[in-house]
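Student:
Numbering (the working numbering), first residue to last: 1319 to 1795.
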C-alpha cells in the first residue's frame, strides 16, 4: 500500500542543499500538529490590523498599493504566502517590488516562490529566480525585491541563508510522524512490515490460500470487513500450522503517547518562539492566569515579534518612501489593561519617593527626577521630561508649558513626514479608515506649528481656550 507517509520519509536534503524547500513543505503538510502550528502563526499575522502614517496624498497612494497586492488578490493574500515562506523555507519570504521605471516608486507587490529562488553571493545580483513554467533564470537586483528571513547564518559561505522554524522542528517532528506511521499500520487489515515465519505449509500452499481468500472476498463484495483467511495444508499432521510475525518496528516499553505529544508541542512552541498555549489548549496542570499572561507577554518579543518586526522593516525600508511609516497594531484590550495596571503601580511607587518627608520636608527625589523616572518607565509621555528647570507660578503656566512640549513633539512628526504644501498628516488603517493627525487648515493650540515650505501661520488668540475646537486659517480652503 503506497501512502503519503512513505513519500515524506524520504531523505530531506541537508540544510543549504538544493531541493530542501520543496521537501520541507511536503513534510509540514504531512504532520498534522506541525501543519496546525504553521496555520496558527500565519493566521495570527494575517489577522493583525495595520496602518500607514504620513501625508494624505501619499498615504492614499500606498494604501492602495498594499490593499491591491498580487494584482488585486489583496494584502492578506500576499501576507499569507509571505509568512508561510518565512516559517517554512530557509531562504525566507521574498516579495517582488514592481516599480514605475527602474528606480521609480513601488506600484505593485508580488510574492515570489522561495523554492524557485537561489542566493548567488553577488551583491549586485543577490537572487536568481527560475519560474516553474519557463525555466528561464531571472536575475533580481537589490531594488527588485524585499526579503524577510529567520535566523540568517553568519557563515559567509551560505550568503545569509536562514534556519526556519520547520527546519528547527524537523528532527522531533520526524519522531511523531513515525508514530503516525506505526499506528496506521496497526489499523490496516494487512500484516505489518516485518519477518513472517510459517511452519506446516509449503510456499505454494500459502500462495494458493491467499488466492482463494481474494476470490471469496471479491465474490462477496467485501471491502471493509474482508473475512477470514483460512490456511490448510496436506503436510505432516503431526506438525501443526504455525504463523509468527516479527515486525520491524515496535513501540518502546512503557511508551506514553500523551506525554510524547505534549513534549512535542512544547518543542514546537520553542522552535516557533511562541507561548505553548498558541498551539495547545492546556499546556500543564495548575497553571495560573497570571503565569499565562506573563508567558504571553514574553512570547510577543520572541518568534512572533521577530516575524512582525521583520515585515514592518521590509515595508518601511523597501516599499514606502521617506516620510511614510507602516506599523502593525499588536495591541488588544487585554494588553492595554495589563499595561495600564503596570503604569499605575509605577506611578504610585514614584509618588512615594517624591512625597516630602514630614521631618525633613523633602522627598528622596525632586519633581524633575520623578518625571524622568516615569518617562523611562513609559508611564507618561516623553515630552513631560523637559530636561530643564521651569519656574511655574500658576495652573495656566503649567498648561502653557505642557502645550508647548506637545506641540514641539507634533512639529517633529510633521517635519519627518515631509509634507507637500496643502497636505495633511494622516493615518489610514487596513480597512481604509483615515484619521487626521495634523491639518494645514486648522490649529488647535495657542502656538502655531511650523512645517518646512509652508506659508506663515497666524498665531491663535491668547485668550482662546485649548479645547474649543478648530478654526480655519485665512487663505486656506
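Glycine included, C-beta positions come from ideal geometry on N, C-alpha and C.
With respect to the alpha helix (DSSP H) encompassing residue 1533, which residues constitute its N-terminal and C-terminal limits?
Tutor: What you label residue 1533 is simply residue 215 of the chain shown in a count that begins at 1. Segment 1521-1537, the alpha helix (DSSP H) holding residue 1533.
Student: Let me check one thing: in DSSP terms, what residues is residue 1447 bridge-paired to?
Tutor: What you label residue 1447 is simply residue 129 of the chain shown in a count that begins at 1. Answer by DSSP bridge pairing, in chain order: 1435 and 1456.
Student: Going by the CB atoms, is the gap between residue 1736 and residue 1654 shorter than 8 angstroms?
Tutor: Numbered from 1 along the chain shown, position 336 holds the residue referred to as residue 1654. Numbered from 1 along the chain shown, position 418 holds the residue referred to as residue 1736. Result no, Cβ atoms of residue 1654 and residue 1736 do not sit closer than 8 angstroms.
Student: Three Cβ pairs or more, each shorter than 8 angstroms: is that satisfied between the region 1479-1498 and the region 1339-1346?
Tutor: yes
Student: Whose CA, out of 1381, 1380, 1406 and 1635, lies closest to the CA of residue 1353?
Tutor: As a first step, residue 1353 is located in the chain shown; it is residue number 35 there, counting from the start. Of the listed residues, the one whose Cα sits closest to residue 1353 is 1406.
Student: By Cβ distance, which residues of its chain are closer than 8 angstroms to residue 1421, with the 5 residues on each side in sequence left out?
Tutor: Within the chain shown, the letter at position 103 stands for residue 1421. Correct list, in chain order: 1461.
Student: Nearest to residue 1797 by alpha carbon, out of 1414, 1356 and 1696?
Tutor: Residue 1797 lies beyond the residue range present for the chain, which begins at 1319 and ends at 1795; the question has no answer from this structure.
Student: Spatial neighbours of residue 1364 within its chain, please: C-beta separation below 8 angstroms, excluding the five flanking residues on both sides.
Tutor: As a first step, residue 1364 is located in the chain shown; it is residue number 46 there, counting from the start. Excluding sequence neighbours, residue 1364 sits near 1394, 1397, 1398 and 1401.
Student: Hey, how far is the Cα of residue 1494 from the Cα of residue 1340?
Tutor: For the purposes of this step, residue 1494 is identified with residue 176 of the chain shown, where counting begins at 1. For the purposes of this step, residue 1340 is identified with residue 22 of the chain shown, where counting begins at 1. Spanning the two alpha carbons is a distance of roughly 20 angstroms.
Student: Rounded to the nearest angstrom, what separates residue 1391 and residue 1429 at their Cα positions?
Tutor: Sequence index remark: in the chain shown, residue 1391 carries index 73 (1-based). Sequence index remark: in the chain shown, residue 1429 carries index 111 (1-based). Looking at the two C-alpha atoms, the distance is approximately 11 angstroms.
Student: Label residue 1548 either buried or exposed according to how many other C-beta atoms from any shown protein chain fall within 10 Å of its C-beta, with 16 as the threshold for buried.
Tutor: The residue labelled residue 1548 in the question sits at position 230 within the chain shown. With fewer than 16 Cβ atoms within 10 Å of its Cβ, residue 1548 is classed as exposed.
Student: Assuming contact is defined by CB atoms lying nearer than 8 angstroms, are residue 1738 and residue 1373 in contact in what I supplied?
Tutor: By 1-based counting over the chain shown, the position of residue 1738 is 420. By 1-based counting over the chain shown, the position of residue 1373 is 55. Closer than 8 angstroms, so yes.
Student: In three-state DSSP terms, what is residue 1375?
Tutor: Taking the first residue of the chain shown as 1, we reach residue 1375 at position 57. It is helical.
Student: Counting C-beta neighbours from all protein chains within 10 Å, is the total for residue 1371 16 or more, i.e. buried, or is it exposed?
Tutor: For this step, residue 1371 is matched to residue 53 along the chain shown. Answer is buried; the Cβ neighbour count reaches 16.
Student: Could you tell me which residues DSSP pairs with residue 1565 in its beta bridges?
Tutor: Position 247 of the chain shown, counted from the start, is the residue given in the question as residue 1565. Residue 1565 is bridged to 1512.
Student: Which full runs of the beta strand (DSSP E) of 3+ residues lie inside the region 1618-1679, going along the chain?
Tutor: Within the region 1618-1679, the complete beta strand (DSSP E) runs of at least 3 residues are 1643-1647.
Student: If we ignore side chains and look at the alpha-carbon of each, how far apart do residue 1561 and residue 1528 end up?
Tutor: Along the chain shown, one-based indexing puts residue 1561 at 243. Along the chain shown, one-based indexing puts residue 1528 at 210. Approximately 14 angstroms, taken between the alpha carbons.
Student: Look at the alpha carbon of residue 1665 and the alpha carbon of residue 1621, and state the distance between them as a whole number of angstroms.
Tutor: Locating residue 1665 in the chain shown gives position 347, counting from the first residue. Locating residue 1621 in the chain shown gives position 303, counting from the first residue. One C-alpha to the other measures close to 31 angstroms.
Student: For residue 1380, which residues in the same chain have their Cβ closer than 7 angstroms to its Cβ, ignoring the five residues on either side in sequence?
Tutor: Your numbering for residue 1380 matches position 62 in the chain shown. Within the same chain, residue 1380 has close Cβ partners 1370, 1638 and 1642.
Student: According to DSSP, is residue 1463 part of a helix, a strand, or is it coil?
Tutor: Looking up residue 1463 in the chain shown gives position 145. Strand, per DSSP.
Student: Please tell me whether residue 1586 and residue 1597 are closer than 8 angstroms, where the distance is taken between their beta carbons.
Tutor: Start at 1 with the first residue of the chain shown, and residue 1586 comes out as number 268. Start at 1 with the first residue of the chain shown, and residue 1597 comes out as number 279. In this structure, residue 1597 lies closer than 8 angstroms to residue 1586 by Cβ.
Student: Along the chain, where does the alpha helix (DSSP H) containing residue 1486 start, and where does it finish?
Tutor: Within the chain shown, the letter at position 168 stands for residue 1486. Segment 1483-1486, the alpha helix (DSSP H) holding residue 1486.
Student: With distances taken from CA atoms, which of 1458, 1661, 1676 and 1677 is nearest residue 1692?
Tutor: As a first step, residue 1692 must be located in the chain shown, where it is residue number 374. That would be 1661, whose Cα lies nearest to the Cα of residue 1692.
Student: Quick one: what does DSSP say residue 1755 is sitting in, helix, strand or coil?
Tutor: Stepping through the chain shown from its first residue, residue 1755 is reached at position 437. Correct three-state label for residue 1755: strand.
Student: Consult DSSP for residue 1333 and reduce its assignment to one of helix, strand or coil.
Tutor: By 1-based counting over the chain shown, the position of residue 1333 is 15. It is coil, neither helix nor strand.
Student: Taking only three categories from DSSP, how would you classify residue 1557?
Tutor: One-based indexing of the chain shown puts residue 1557 at position 239. If DSSP states are grouped into helix, strand and coil, residue 1557 belongs with coil.
Student: Mapping the DSSP letters down to three states, classify residue 1745 as helix, strand or coil.
Tutor: Within the chain shown, the letter at position 427 stands for residue 1745. Note: residue 1745 maps to strand in three-state DSSP.
Student: Between the alpha carbons of residue 1589 and residue 1471, how many angstroms are there, rounded?
Tutor: Within the chain shown, the letter at position 271 stands for residue 1589. Within the chain shown, the letter at position 153 stands for residue 1471. The straight-line gap from Cα to Cα measures roughly 16 angstroms.
Student: From 1418, 1681, 1647 and 1694, pick the residue whose C-alpha is nearest to that of residue 1749; which is it?
Tutor: Numbered from its first residue, the chain shown carries residue 1749 at position 431. Nearest of 1418, 1681, 1647 and 1694 to residue 1749, Cα basis: 1647.
Student: Report the residue from 1330, 1463, 1351 and 1377 whose alpha carbon sits nearest the alpha carbon of residue 1752.
Tutor: In the chain shown, residue 1752 corresponds to position 434, counting from 1. Checked all of 1330, 1463, 1351 and 1377; the closest Cα to residue 1752 is 1377.
Student: Can you tell me which residues form a DSSP beta bridge with residue 1426?
Tutor: In the chain shown, residue 1426 corresponds to position 108, counting from 1. Residue 1426 is bridged to 1416.
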